[in-house]
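Here is the structure we will look at.
Number of protein chains: 2
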Amino acid sequence: MNAEIFTIGRLSREAACNVQTIRYYEQIGLLPAPLRSSGNQRLYDESWTRRLRFIRHARDLGFELDNVRILLDLADDPSKSCEAVDEVAGGQLAQVEQRIRDLQALKRELQRMLKLCQGGTVADCRIIETLGNHDLCIADTHAGNKR
Amino acid sequence: MNAEIFTIGRLSREAACNVQTIRYYEQIGLLPAPLRSSGNQRLYDESWTRRLRFIRHARDLGFELDNVRILLDLADDPSKSCEAVDEVAGGQLAQVEQRIRDLQALKRELQRMLKLCQGGTVADCRIIETLGNHDLCIADTHAGNKR
DNA sequence: CCTAATATCTACAGTAACTGTAGGTTCAAG
DNA sequence: CTTGAACCTACAGTTACTGTAGATATTAGG
Numbered sequence: 179m180n181a182e183i184f185t186i187g188r189l190s191r192e193a194a195c196n197v198q199t200i201r202y203y204e205q206i207g208l209l210p211a212p213l214r215s216s217g218n219q220r221l222y223d224e225s226w227t228r229r230l231r232f233i234r235h236a237r238d239l240g241f242e243l244d245n246v247r248i249l250l251d252l253a254d255d256p257s258k259s260c261e262a263v264d265e266v267a268g269g270q271l272a273q274v275e276q277r278i279r280d281l282q283a284l285k286r287e288l289q290r291m292l293k294l295c296q297g298g299t300v301a302d303c304r305i306i307e308t309l310g311n312h313d314l315c316i317a318d319t320h321a322g323n324k325r
Numbered sequence: 179m180n181a182e183i184f185t186i187g188r189l190s191r192e193a194a195c196n197v198q199t200i201r202y203y204e205q206i207g208l209l210p211a212p213l214r215s216s217g218n219q220r221l222y223d224e225s226w227t228r229r230l231r232f233i234r235h236a237r238d239l240g241f242e243l244d245n246v247r248i249l250l251d252l253a254d255d256p257s258k259s260c261e262a263v264d265e266v267a268g269g270q271l272a273q274v275e276q277r278i279r280d281l282q283a284l285k286r287e288l289q290r291m292l293k294l295c296q297g298g299t300v301a302d303c304r305i306i307e308t309l310g311n312h313d314l315c316i317a318d319t320h321a322g323n324k325r
């Protein structure tokens with residue numbers, strides 16, 4: 179039927195993924211090595227577009243490449259239980275939620291700092307003072323900022 | 179007075195910053211090169227502890243090293259206007275707020291995906307299906323995920 | 001004074017997930 | 001047949017560190 183073949187540029191456009199990144203994914207084994215033309219150019223078809231879109235979508239949702247790899251393996255074996263997929267996605271959700279909490283603590287702290295600013299010189303700057311002394315912070319709101 | 183001198187290990191403990199990181203900060207010019215002992219070990223005093231704590235605190239609040247550098251320069255010149263400090267901190271706050279918004283969109287999307295899961299096999303998995311097809315997403319909620 | 005443990009030193013490699021560059025082919029259009 | 005776009009490989013650079021190897025320094029105990 180539709181065995182339309184194309185090179186990397188079109189795959190790049192169709193999956194909204196830039197060319198270097200495609201080659202990078204191949205290099206790290208996230209994409210298999212495709213067939214090559216007589217002139218050594220990579221050749222793809224629509225199944226590659228689907229796979230790459232899957233990868234990009236998962237990445238956009240914040241999944242790390244290792245988890246994308248796991249999801250791809252699962253997607254490749256439709257007889258497997260859905261549970262494992264659920265677990266990966268659930269872990270991702272938990273991570274996102276944790277990051278949101280961390281960032282909200284940062285936000286509060288930054289807002290507090292900014293409110294103290296009176297607009298004088300650095301000598302009287304409460305922001306600089308606060309940065310120099312963690313004790314001036316709301317306790318423990320940002321023990322360690324993750325990414 | 180208190181001209182107590184110590185080596186890198188104690189600085190590391192007092193500023194809660196690991197040893198390699200201190201050397202790294204020196205290497206990239208965030209910390210000046212300190213005096214050395216006869217045996218070539220770095221020597222610090224309490225003023226270094228304060229500077230390093232300042233750096234770590236700013237980092238914990240999510241400031242990038244380039245911004246930390248700017249803040250340090252400002253802190254070093256107390257006669258400067260506070261405005262510049264305010265601007266850096268305000269920019270940081272705006273960035274944090276944007277990241278929170280992005281992550282909340284991701285969270286909604288992930289929750290929606292997870293709700294669809296019926297617990298069968300991968301063949302019927304709505305998570306995998308959704309990952310494979312961005313059109314199934316709530317429009318534009320995650321056009322591009324920023325860290 | 002000698003030894004063993006701990007601390008420090010330099011220099012370099014590795015991390016995540018790409019992006020950018022240099023220098024060289026291949027391909028399609030005119 | 002030439003020009004320009006697209007493609008190729010190989011490698012360096014990004015951010016902010018962390019980890020490793022192999023050598024020297026310092027300190028405590030016997």
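Chains as they are written, first to last, in the working numbering: chain A, 179 to 325; chain B, 179 to 325.
Here a beta-carbon is modelled for each residue, glycine too, at the ideal position from N, C-alpha and C.
Chain B residues whose Cβ lies nearer than 7 Å to that of residue i
i               : result
Q289 of chain A : L271
L284 of chain A : L239, G240, V274
Straight-line gap, residue i to residue j (C-alpha atoms, nearest Å)
i               : j               : result
T227 of chain B : L189 of chain B : 6 Å
E287 of chain A : I248 of chain A : 37 Å
R191 of chain A : I233 of chain B : 42 Å
D313 of chain A : L292 of chain B : 41 Å
I306 of chain A : L208 of chain A : 46 Å
P212 of chain A : Y202 of chain B : 42 Å
G187 of chain B : D251 of chain B : 26 Å
S225 of chain A : R231 of chain A : 10 Å
Q198 of chain A : V300 of chain A : 46 Å
P210 of chain B : E204 of chain B : 6 Å
I200 of chain A : D223 of chain A : 14 Å
R290 of chain B : R279 of chain A : 20 Å
V263 of chain B : L294 of chain A : 12 Å
N311 of chain A : H235 of chain B : 8 Å
Exposed unless 16 or more other CB atoms sit within 10 angstroms - verdict on residue i
i               : result
Q132 of chain B : With chain B represented from 179 up to 325, any question about residue 132 of chain B goes unanswered, as that position is not in the structure.
I183 of chain A : exposed
L309 of chain A : buried
L243 of chain B : exposed
I206 of chain B : exposed
R277 of chain A : buried
D238 of chain A : buried
A181 of chain A : exposed
R214 of chain B : exposed
Per-residue contacts from residue i into chain A (C-beta, under 7 Å)
i               : result
T227 of chain B : Those within 7 Å of T227 of chain B in chain A number zero; the least Cβ separation is about 11 Å.
Within chain A, the residues that residue i reaches when beta carbons sit closer than 9 Å
i               : result
L281 of chain B : G240, V274, E275, R277, I278, L281
G297 of chain B : S259, C260, E261, D264
I306 of chain B : F232, L249, L252, A253, P256, C260, V263
Beta-carbon neighbours of residue i, restricted to chain B and to distances below 9 Å
i               : result
V300 of chain A : L252, A253, D254, D255, P256, S257, K258, S259, C260, A262, V263
A236 of chain A : L309
When the options are compared against residue i, the one with the closest alpha-carbon
i               : options                        : result
E275 of chain A : B:E182, B:G310, B:L294, B:L284 : B:L284
N218 of chain B : B:F232, B:R229, B:E204, B:T185 : B:T185
Q296 of chain A : B:Q205, B:E265, B:N196         : B:E265
E261 of chain B : A:T199, A:A272, A:I316, A:G298 : A:G298
K258 of chain B : A:C303, A:S259, A:I316         : A:C303
Chain A contact residues for residue i, given Cβ-Cβ distances below 8 Å
i               : result
R231 of chain B : G310, N311, H312
Under 8 Å from the C-beta of residue i: neighbouring residues of chain B
i               : result
L292 of chain A : D264, A267, G268, L271
*What residues from the region 248–263 of chain B come within 9 Å of chain A, judged by C-beta to C-beta, listed N to C?*
Hits within the stretch, in order: L249, L252, A253, D254, D255, P256, S257, K258, S259, C260, E261, A262, V263.
*Anything in the region 189–206 of chain A with a Cβ closer than 8 Å to a Cβ of chain B? List those residues in chain order, please.*
Residues of the region 189–206 of chain A with a Cβ closer than 8 Å to any Cβ of chain B: none.
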